[in-house]
Amino acid sequence: MSTVSLLLGVHAHQPAGNFPEVVDEAHRKSYGPFLRTVHRYPEFRFAIHFSGWLLEFLLAHYPDDMALLAEMVARRQAELFGGGDMEPVLASIPARDRVGQLNALADRLERAFGQRPHGAWLTERVWEATVVPSLEDTGVEFVTVDDYHFLCAGRELGELRGYFTTEEEGRRLDLFPISEQLRYRIPFAPADETVRYIESLAGTEELPAAAIYFDDIEKFGIWPETYEWVFERKWLEQFIEGVLASPAIRTRHFREFRRDTRTRGIVYLPTTSYMEMGEWSLPAARADDFAALIAQEKSQGRYDRFKPFLRGGIWRGFFSRYTEANWMHKRMLALSARVAALPAATRTDSMIALLYRGQANDAYWHGLFGGLYLPHLRRAVWNALIALEAELDAAQPADRDAEDVDLDGHEEVFLHSSKLLAVVRDDAEAAVIELSSYPLRHNFGDTLMRRREHYHGKLAQSAEAHVRNEGIASAHDRVAFRHAVTLADAEPDDRPRALFVDRFQPADSQALQAPHYRKVVNTTTEFAGTIGGGSMRKRYAVEEGRLVVRYRFDVPQAGRFRTEINLAMPSCDGFLGRYSIAGDVRGGFGQPLAVTALTSLLLEDGVLGGNLLVQCEPACELDARPLHTVSQSEAGFEKIMQAAALTLAWQIPIGSSEFVVTLTPARG
């Protein structure tokens with residue numbers, strides 16, 4: 002009878018630096034029970050990919066389950082897939098680092114399981130043809146991408162039951178199209194229904210067919226409702242037993258199917274990812290239009306026909322959407338270039354490891370998952386980049402002054418010592434966008450603006466899970482709330498969330514004036530602005546381990562001047578973060594704080610293992626509040642504290658006046 006080869010793979014990933022308790026929970030609810038279940042069925046072949054950081058964590062903390070995986074590899078039940086070691090989007094990092102990351106994970110797999118991979122998982126299935134040479138250079142023969150990629154290249158859905166071949170610069174790579182229909186069925190549709198669907202894909206002896214699935218293992222137990230569905234109600238067991246009992250289905254490895262069948266021809270894929278990514282990477286207003294267009298085509302019954310032409314943005318669009326992600330990415334690229342420029346004898350394994358950690362994808366973008374919105378993920382990237390920069394400076398000090406690092410049309414001014422780096426963007430705000438302490442390995446400027454997101458339109462919808470009678474809902478279809486959230490909580494900012502964002506309010510007006518700074522000619526650290534019909538200057542200096550900001554005014558009318566300092570404090574609104582004045586604890590970072598005459602404020606942070614001292618001369622008024630953002634995750638809408646927003650204010654008299662603000666980080 003006609004048969005079909007089931008090529009089933011799962012991808013397991015946790016961001017480098019994720020909370021250990023989160024990874025433990027993921028193992029308890031997904032990784033462990035999945036491995037223990039499939040181990041009971043030696044004839045059920047499957048593929049599996051672990052990102053490098055997660056693999057090392059599981060090997061160290063769950064050796065018994067990893068021993069089961071090693072046994073399944075040895076008995077040729079499990080096929081190992083490679084990829085970038087720290088789960089970078091390969092297309093977003095230099096070719097030299099792609100090769101290094103791919104080899105690093107292959108080396109891990111060989112050490113742990115005695116096998117190097119022949120296939121690779123592409124992070125978020127982001128495809129750009131430029132990655133092909135690096136993949137071939139590291140021995141990768143094939144990768145998996147979505148069938149949507151092929152549809153966008155003009156292929157028909159019925160063709161996509163085998164593998165295809167592409168090339169770049171004459172370098173060959175084979176491509177397996179992942180079935181969207183299977184992605185939406187596994188594990189959400191009933192097991193017997195899913196088995197019947199796979200049977201319907203059977204081919205012929207002349208044209209063997211494959212049912213191709215490769216998706217997040219977290220959908221087996223971690224996504225909402227899936228643990229009960231997959232393991233307690235035994236979906237996975239029922240599915241495996243149904244597959245093994247079917248005379249039409251044969252489980253196989255990707256490499257085995259490729260060895261035994263011919264390519265279905267040459268294909269050149271456009272730059273793309275899965276369809277949801279096309280929506281997520283668009284600015285909110287354009288994402289609204291894109292979603293409306295898709296809804297229109299579905300309502301008119303044209304969606305399936307025109308789907309290949311309904312393409313949104315591309316993954317790199319996140320760098321255009323989020324200035325914070327773009328700055329982090331461009332700083333990473335500059336540090337990568339510095340590592341590459343070092344003499345080989347000076348370049349250390351530690352530098353390479355830190356660079357690769359700084360390339361982990363999770364904190365650079367945002368879609369269904371928290372990603373960029375999660376401070377601890379951004380912090381892990383910045384920790385690595387700052388530690389790397391400290392090592393590079395020790396090996397070969399950088400000659401930095403001012404340049405447009407992030408390609409936004411404005412130069413960034415670098416002020417640094419052996420202990421501290423302050424980066425000022427030379428635009429109308431002249432604000433500090435990065436304040437990195439080398440001893441603490443922390444960027445106090447790692448904050449996030451509140452922006453309108455496309456999904457904020459769902460805030461008025463019901464929080465019900467929309468459980469279907471015949472299965473469970475995917476996280477893509479749910480509207481849920483982890484925290485109480487209102488539309489007011491999602492109000493976007495009208496100014497950047499940086500350090501020393503200044504405004505002036507004349508005594509006879511309620512309106513706030515922005516100084517609109519311009520850098521003073523022949524200086525690198527002084528900026529001039531106009532307020533209240535007069536002038537002002539702001540001068541930055543890094544003096545060893547502290548940042549000193551000096552303001553000078555010459556105005557014909559009195560008014561109130563304020564500067565906002567947004568500080569990324571790792572404790573956020575947790576109990577280990579607190580404000581202290583003269584040894585007196587005044588509350589946590591998650592609480593508001595008002596002081597009428599402040600000269601010194603200490604921000605103590607147990608997670609950071611250090612503190613930040615804010616000093617003002619003369620005394621100022623202080624208003625401190627937590628900065629929250631509203632974002633979505635697979636578990637629902639959530640409010641996340643991004644920074645402690647400190648507003649310092651002074652009454653400015655007619656004529657000339659000066660004041661100074663100093664920020665001093667220190668170990669606790």
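For the sequence shown, position 632 matches number 633 in our numbering, and the numbering has no gaps at all. All residues carry an ideal CB built from backbone N, CA and C; glycine is no exception.
Between the C-alpha atoms of residue i and residue j, what's the straight-line distance to the nearest angstrom?
{"i": "Leu-378", "j": "Arg-547", "result": "26 Å"}
{"i": "Gly-371", "j": "Leu-421", "result": "30 Å"}
{"i": "Pro-16", "j": "Leu-623", "result": "37 Å"}
{"i": "Arg-162", "j": "Lys-235", "result": "28 Å"}
{"i": "Phe-554", "j": "Ala-335", "result": "37 Å"}
{"i": "Ile-353", "j": "Ala-212", "result": "39 Å"}
{"i": "Asp-217", "j": "Arg-109", "result": "20 Å"}
{"i": "Asp-509", "j": "Gln-558", "result": "9 Å"}
{"i": "Thr-324", "j": "Ser-634", "result": "21 Å"}
{"i": "Glu-492", "j": "Lys-640", "result": "12 Å"}
{"i": "Leu-613", "j": "Pro-309", "result": "52 Å"}
{"i": "Gln-182", "j": "Phe-638", "result": "27 Å"}
{"i": "Gly-446", "j": "Glu-111", "result": "40 Å"}
{"i": "Tyr-63", "j": "Glu-454", "result": "39 Å"}
{"i": "Met-87", "j": "Trp-366", "result": "15 Å"}
{"i": "Glu-428", "j": "Phe-215", "result": "The sequence given here has Asp at residue 428, not Glu. Roughly 46 Å separates the two Cα atoms."}
{"i": "Phe-660", "j": "Ala-569", "result": "24 Å"}
{"i": "Met-278", "j": "Ala-403", "result": "35 Å"}
{"i": "Lys-156", "j": "Ala-249", "result": "For the sequence presented, residue 156 should be read as Arg rather than Lys. Distance between the alpha carbons of Arg-156 and Ala-249: 26 Å."}
{"i": "Ala-288", "j": "Asp-394", "result": "42 Å"}
{"i": "His-467", "j": "Ala-292", "result": "Reliability of the predicted coordinates at His-467 is poor, the pLDDT of 39 falling under 50, and no value is obtained from them."}
{"i": "Leu-103", "j": "Leu-500", "result": "38 Å"}
Apply the 10 Å Cβ neighbour rule to residue i and answer buried if 16 or more other Cβ atoms are within range, or exposed otherwise.
{"i": "Gly-159", "result": "exposed"}
{"i": "Leu-488", "result": "exposed"}
{"i": "Pro-676", "result": "What is shown of the chain runs 2 to 669, which leaves residue 676 out entirely."}
{"i": "Gly-589", "result": "buried"}
{"i": "Ser-3", "result": "exposed"}
{"i": "His-50", "result": "buried"}
{"i": "Leu-237", "result": "buried"}
{"i": "Gly-85", "result": "buried"}
{"i": "Gln-643", "result": "buried"}
{"i": "Ala-464", "result": "Confidence at Ala-464 is low in this model, with a pLDDT of 39, below 50, so the placement of that residue is unreliable and no value is reported for it."}
{"i": "Ser-419", "result": "exposed"}
{"i": "Asn-19", "result": "buried"}
{"i": "Lys-299", "result": "exposed"}
{"i": "Val-5", "result": "buried"}
{"i": "Val-425", "result": "buried"}
{"i": "Val-406", "result": "buried"}
{"i": "Leu-408", "result": "exposed"}
{"i": "Phe-307", "result": "exposed"}
Just checking my contact of residue i with residue j at CB under 8 Å: how many whole Å lie between their CB atoms?
{"i": "Trp-230", "j": "Pro-188", "result": "7 Å"}
{"i": "Glu-137", "j": "Leu-174", "result": "6 Å"}
{"i": "Ile-267", "j": "Thr-131", "result": "18 Å between Cβ atoms; not a contact."}
{"i": "Leu-123", "j": "Val-146", "result": "6 Å"}
{"i": "Pro-593", "j": "Arg-626", "result": "5 Å"}
{"i": "Leu-1", "j": "Asp-98", "result": "Lying before the first or after the last residue shown, residue 1 is absent from the chain, which here runs from 2 to 669."}
{"i": "Gln-297", "j": "Thr-347", "result": "Wrong, their Cβ atoms sit about 59 Å apart, outside the cutoff."}
{"i": "Ala-105", "j": "Gly-53", "result": "6 Å"}
{"i": "Cys-621", "j": "Ala-650", "result": "6 Å"}
{"i": "Tyr-304", "j": "Ile-315", "result": "Incorrect: roughly 21 Å between the Cβ atoms, too far for contact."}
{"i": "Gly-120", "j": "Phe-255", "result": "5 Å"}
Classify residue i as helix, strand or coil using the three-state DSSP reduction.
{"i": "Pro-434", "result": "The question names Pro, yet the displayed sequence has Ile at residue 434. Looking at Ile-434 - three-state DSSP - the assignment turns out to be strand."}
{"i": "Cys-153", "result": "helix"}
{"i": "Pro-440", "result": "coil"}
{"i": "Lys-331", "result": "helix"}
{"i": "Ala-646", "result": "strand"}
{"i": "His-254", "result": "coil"}
{"i": "Leu-422", "result": "strand"}
{"i": "Trp-651", "result": "strand"}
{"i": "Glu-129", "result": "coil"}
{"i": "Val-522", "result": "coil"}
{"i": "Val-268", "result": "coil"}
{"i": "Gly-546", "result": "coil"}
{"i": "Asp-350", "result": "helix"}
{"i": "Glu-142", "result": "coil"}
{"i": "Met-276", "result": "helix"}
{"i": "His-12", "result": "strand"}
{"i": "Trp-224", "result": "coil"}
When DSSP builds the beta bridges, which residues end up paired with residue i?
{"i": "Ser-6", "result": "Ala-211 and Arg-251"}
{"i": "Gly-611", "result": "Asp-606 and Arg-668"}
{"i": "Ala-79", "result": "Phe-47"}
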